[in-house]
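What follows is a set of notes on a single structure, which appears directly below.
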Amino acid sequence: MSKLILIDGSSYLYRAFHALPPLSNAQGEPTGALFGVVNMLRATLKAKPEYLAFVSDAPGPTFRDELYDKYKAQRPPMPDDLRAQVDPMLAIVGALGFPILRVSGVEADDVIGTLAEQAHAQGIEVVISTGDKDLAQLVRPGVSLVNTMTNTTMDSAGVMEKFGVRPDQIIDYLTLVGDTVDNVPGVPKCGPKTAAKWLAEYGSLDGVIANADKVGGKIGESLRDALPQLPLSRQLVTIKLDVPLEQTVTDLTLRDKHVEQLRELFTRYEFKAALKDLEANDAPVGAHPVRDQTPAEHAAIPAPDRAQGALLHQGFDLSAPGSYELVTTQAQLDDWLQRLSNAELIAFDTETTSIDSMMADIVGLSLSVEPGKACYIPLTHDYPGVPAQLARDHVLAALKPIFEDPNKAKLGQHAKYDINILSHYGIALQGLKHDSMLESYVWNATATRHDMDSLARKYLGYETVKYEEVAGKGAKQISFSQVDLDTACRYAAEDADITLRLHYALWPLLQTEPTLRSVYENIEIPLVPVLAGMEQRGVLIDVNILRLQSQQLGKRMLELQQQAWKAAGHDFNLDSPKQLQAVLFDELGLPAKLKTPTGQPSTNEEALEAIADDHPLPRLILDYRGLAKLRSTYTEKLAEIVNPRTGRVHTSYHQGAVATGRVSSSDPNLQNIPVRTEEGRRIRQAFIAPEGWVVMAADYSQIELRIMAHLSGDEGLMRAFREGGDVHRATAAEVFGLKPEEVSTNQRRAAKAINFGLMYGMSAFGLARQLGVDRGEASDYMARYFARYPGVHAFMEATREQAHRDGYVETIFGRRLYLENLKARNQALRAGAERAAVNAPMQGSAADIIKRAMISVAAWLKERDDAHMLMQVHDELVFEVRKDAVEEVRAAVVARMSGAAELRVPLLVEAGVGANWDEAH
DNA sequence: GTGGGCCCGTAC
DNA sequence: GACGTACGGGCCCACG
0 MSKLILIDGS SYLYRAFHAL PPLSNAQGEP TGALFGVVNM LRATLKAKPE YLAFVSDAPG
60 PTFRDELYDK YKAQRPPMPD DLRAQVDPML AIVGALGFPI LRVSGVEADD VIGTLAEQAH
120 AQGIEVVIST GDKDLAQLVR PGVSLVNTMT NTTMDSAGVM EKFGVRPDQI IDYLTLVGDT
180 VDNVPGVPKC GPKTAAKWLA EYGSLDGVIA NADKVGGKIG ESLRDALPQL PLSRQLVTIK
240 LDVPLEQTVT DLTLRDKHVE QLRELFTRYE FKAALKDLEA NDAPVGAHPV RDQTPAEHAA
300 IPAPDRAQGA LLHQGFDLSA PGSYELVTTQ AQLDDWLQRL SNAELIAFDT ETTSIDSMMA
360 DIVGLSLSVE PGKACYIPLT HDYPGVPAQL ARDHVLAALK PIFEDPNKAK LGQHAKYDIN
420 ILSHYGIALQ GLKHDSMLES YVWNATATRH DMDSLARKYL GYETVKYEEV AGKGAKQISF
480 SQVDLDTACR YAAEDADITL RLHYALWPLL QTEPTLRSVY ENIEIPLVPV LAGMEQRGVL
540 IDVNILRLQS QQLGKRMLEL QQQAWKAAGH DFNLDSPKQL QAVLFDELGL PAKLKTPTGQ
600 PSTNEEALEA IADDHPLPRL ILDYRGLAKL RSTYTEKLAE IVNPRTGRVH TSYHQGAVAT
660 GRVSSSDPNL QNIPVRTEEG RRIRQAFIAP EGWVVMAADY SQIELRIMAH LSGDEGLMRA
720 FREGGDVHRA TAAEVFGLKP EEVSTNQRRA AKAINFGLMY GMSAFGLARQ LGVDRGEASD
780 YMARYFARYP GVHAFMEATR EQAHRDGYVE TIFGRRLYLE NLKARNQALR AGAERAAVNA
840 PMQGSAADII KRAMISVAAW LKERDDAHML MQVHDELVFE VRKDAVEEVR AAVVARMSGA
900 AELRVPLLVE AGVGANWDEA H
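Using numbering that gives the first Met the number 0, read the first sequence as starting at 0 and increasing by one per residue.
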């Protein structure tokens with residue numbers, strides 16, 4: 000398909016002007032916005048579209064000013080520094096060979112709309128490059144938006160996701176919301192959410208107007224008051240599609256560029272990279288458009304997305320509506336059992352009374368073996384007049400042999416949840432072959448959330464029935480068991496159906512990338528039952544210890560509160576940063592040395608430490624905060640969340656939450672229990688083992704640093720690990736040119752800070768702050784470090800390079816992390832993406848390794864009843880072990896963890912045992 | 001009441 | 001602007 004790229008020049012000029020620092024050339028002419036636009040254009044040229052145009056506003060009034068004299072009346076005039084860049088911009092754009100369109104009497108949007116309409120009618124794909132949300136009204140299949148500032152694209156699904164309305168509703172949406180900048184009156188008090196809600200309810204603006212008297216409350220009055228002006232607003236926000244133009248779409252090809260003019264312009268405005276490109280490649284670009292992308296350009300597209308057009312599986316359109324069967328008779332059940340026994344792959348899903356799998360009871364079950372067809376078997380729906388359902392235990396008994404057959408392949412969406420549910424009914428699911436959530440996660444962890452609604456939208460272009468639509472939300476939410484059977488069937492059977500469709504969309508993708516497929520098949524899928532087992536088991540908690548600690552903390556907090564109030568001269572809420580800020584900086588007049596990201600004077604630990612010598616209050620607050628955190632987040636929360644049935648806490652592990660491949664934990668988060676301070680560590684004393692058992696904790700020593708040694712192949716760093724000993728001390732000895740025994744505490748501390756900082760992409764500035772030395776000294780440390788460990792430096796450079804070349808970086812096992820902001824104009828965003836790129840291979844490889852270890856250890860534990868794996872804390876596994884088995888288990892765990900990867904340095908594992916988690920370290 | 005942004009702090 | 005990845009509590013405001 001041919002492609003037309005339409006560049007919204009006005010939008011880019013404004014955005015580049017505000018986003019970029021106010022650069023200027025040697026003559027003092029402003030160049031910042033120009034620079035941004037030129038770089039964007041060069042990137043556009045690299046995509047080599049057949050047709051392209053640069054569309055800009057022409058000076059003078061437009062038809063909208065005639066319609067409405069206040070239109071854009073509140074807009075400040077264009078800043079002089081920006082105005083000065085308009086003509087040079089047009090000169091460069093023209094010299095690059097872009098067709099430029101400026102049409103009087105209309106805005107750039109209208110020209111873009113008209114061209115998009117024409118191109119679309121001719122079957123030409125249209126990409127509109129803009130930062131302006133109003134253009135979303137032009138989106139439809141074959142017409143999409145791209146924002147090169149943020150590197151995001153928006154198709155129909157993207158519009159739905161962002162605005163909550165279809166592209167064809169955008170005009171009505173903008174009309175309702177209005178635009179204060181352009182002075183377009185909307186409905187006062189109606190924001191994006193309300194507009195989307197009304198449009199969902201009444202379909203269109205006309206629908207909303209017709210039903211205006213049905214809207215209650217203040218906002219209803221507001222709507223009725225605004226009715227007379229809405230038609231005008233609609234006219235103002237509607238982009239024209241029929242502007243008379245001299246050119247047609249096929250005229251809009253790239254002209255030969257004017258090398259001489261460009262050389263002059265680039266030199267004058269000091270665009271060195273552009274100039275270099277120009278000299279390197281003197282031949283006219285684009286005279287013969289090339290349609291094929293180079294491999295590097297192809298790979299640079301961050302998220303492979305095949306959701307465009309119909310996606311077929313064996314002739315079935317994966318975005319078509321499905322047909323679903325409510326199973327309430329034995330004959331129907333028998334029929335489905337027959338289908339299951341013939342099926343190659345069974346998609347299943349459970350419906351329950353709670354999202355907490357430990358608390359949930361099963362309500363029904365859905366199955367699908369063929370896309371578009373699924374059933375729902377209600378089991379325990381319970382409301383007045385509910386029709387007869389098959390008996391729960393009877394159905395589960397009939398399904399048990401299938402669920403427990405390891406040779407019958409099963410598929411789920413977030414199957415860990417359903418495995419946990421089934422386990423409550425004595426079904427130990429075997430043969431989990433696929434999980435659509437994990438397929439999506441491995442394919443591209445950051446392209447989307449991995450819940451079914453998001454996946455269906457992205458990969459199938461299909462809108463699912465939402466849980467809230469069938470069960471309500473908030474206080475009005477009802478249990479799924481009270482949902483009527485037909486509605487439940489529509490929702491639940493769809494879940495199984497869509498799971499299967501997602502698999503047929505995603506699995507072919509994974510098969511094209513053997514390393515991703517391997518991560519999925521050999522790591523993520525086998526990990527599912529392991530995590531399910533850990534959640535089910537839970538970890539035993541001594542609630543009395545926690546209660547006692549809560550009391551003690553509370554008492555000390557009260558004392559500190561009294562002292563703080565005295566120091567402040569009056570009562571205030573110590574938990575409120577806002578009130579604290581007023582007391583410290585306004586009333587007491589202490590210096591506000593740090594600011595929060597939003598510009599407020601910060602009251603964080605660093606800020607308080609900085610003024611702790613000037614007044615007693617900061618220290619009191621610091622102490623109070625430490626205790627408050629421990630009490631609210633840990634001692635009270637943990638005691639609260641202990642399951643009364645088991646006496647244990649059953650966390651949830653999330654396999655699709657972390658971009659680098661780590662698992663996360665929540666409800667409660669067991670991965671941030673304090674350990675660094677004595678005070679905090681006491682909380683770990685409440686993590687205990689049953690009578691006759693002990694807690695065993697096994698952790699990898701310096702795993703990420705070892706991975707850095709492995710990946711970089713740096714001789715010095717590898718030697719440090721091979722020799723054993725203290726790696727930070729060894730580093731300090733290298734950096735400061737000493738023998739290890741001569742290294743001072745401070746030198747070791749500096750070396751440790753560098754070792755860790757490097758893995759996070761820290762700069763000299765950051766290191767200086769961390770160490771409390773000046774920036775020059777920090778730079779000096781880093782220079783010496785890189786001189787001693789040149790392989791590390793080369794590795795980091797190579798990682799950044801790979802990220803820029805491919806758009807992603809990889810772990811040792813081939814897991815990929817795509818980086819979204821590497822090409823961002825915004826320097827901070829880009830730098831952040833580069834740091835993430837450097838960190839991801841190490842963090843991600845460590846995550847892969849411990850996942851492999853967990854699978855291996857779980858397989859070994861499977862046949863035993865004297866030890867259970869309970870927790871994973873990124874580089875640590877925690878077990879409960881029967882006392883008589885401690886040595887055997889310790890040896891096996893250490894061996895399996897150490898053997899989880901073959902690195903160029905040893906993978907050291909340390910294991911400790913104790914009566915509780917604190918003692919096990 | 002609830003949802004969400006902000007600030008802050010815990011872990012690896 | 002400056003150190004990567006998470007989760008979560010309390011405050012506070014907008015919204016219903």
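Idealized CB from N, CA, C, for every residue including glycine.
Per DSSP, what kind of secondary structure is residue i in: helix, strand or coil?
i	result
residue 564	helix
residue 488	helix
residue 650	coil
residue 668	coil
residue 839	helix
residue 270	coil
residue 789	helix
residue 108	helix
residue 915	strand
residue 722	coil
residue 323	strand
residue 754	helix
residue 47	coil
residue 881	strand
residue 809	strand
residue 781	helix
residue 39	helix
residue 341	helix
residue 594	strand
residue 889	helix
residue 642	strand
residue 739	helix
Exposed or buried, residue i, counting other C-beta atoms within 10 Å across all chains shown (16 or more means buried)?
i	result
residue 721	exposed
residue 857	buried
residue 376	buried
residue 323	buried
residue 320	exposed
residue 878	buried
residue 631	exposed
residue 561	exposed
residue 590	exposed
Just checking my contact of residue i with residue j at CB under 8 Å: how many whole Å lie between their CB atoms?
i	j	result
residue 3	residue 48	7 Å
residue 170	residue 237	5 Å
residue 623	residue 563	6 Å
residue 214	residue 222	5 Å
residue 552	residue 619	That pair is no contact at about 15 Å.
residue 135	residue 9	Contact doesn't hold; Cβ gap of about 17 Å is too wide.
residue 365	residue 461	Contact flag wrong, Cβ pair sits at about 16 Å.
residue 417	residue 355	About 14 Å; that fails the 8 Å criterion.
residue 138	residue 155	6 Å
residue 421	residue 428	5 Å
residue 922	residue 875	The question about residue 922 has no answer here: the residues shown for the chain are numbered 0 through 920.
Tell me the DSSP bridge mates of residue i?
i	result
residue 871	876
residue 315	312
residue 60	Paired residues: none, contrary to the question.
residue 908	699
residue 815	809
residue 146	151
residue 139	142
Segments of 4+ residues assigned as alpha helix (DSSP H) that fall wholly inside the stretch 669 to 715: 677 to 680, 702 to 711
Could you tell me which whole beta strand (DSSP E) segments of length 3 or greater appear in the stretch 360 to 437? 361 to 369, 372 to 377, 409 to 411, 431 to 434
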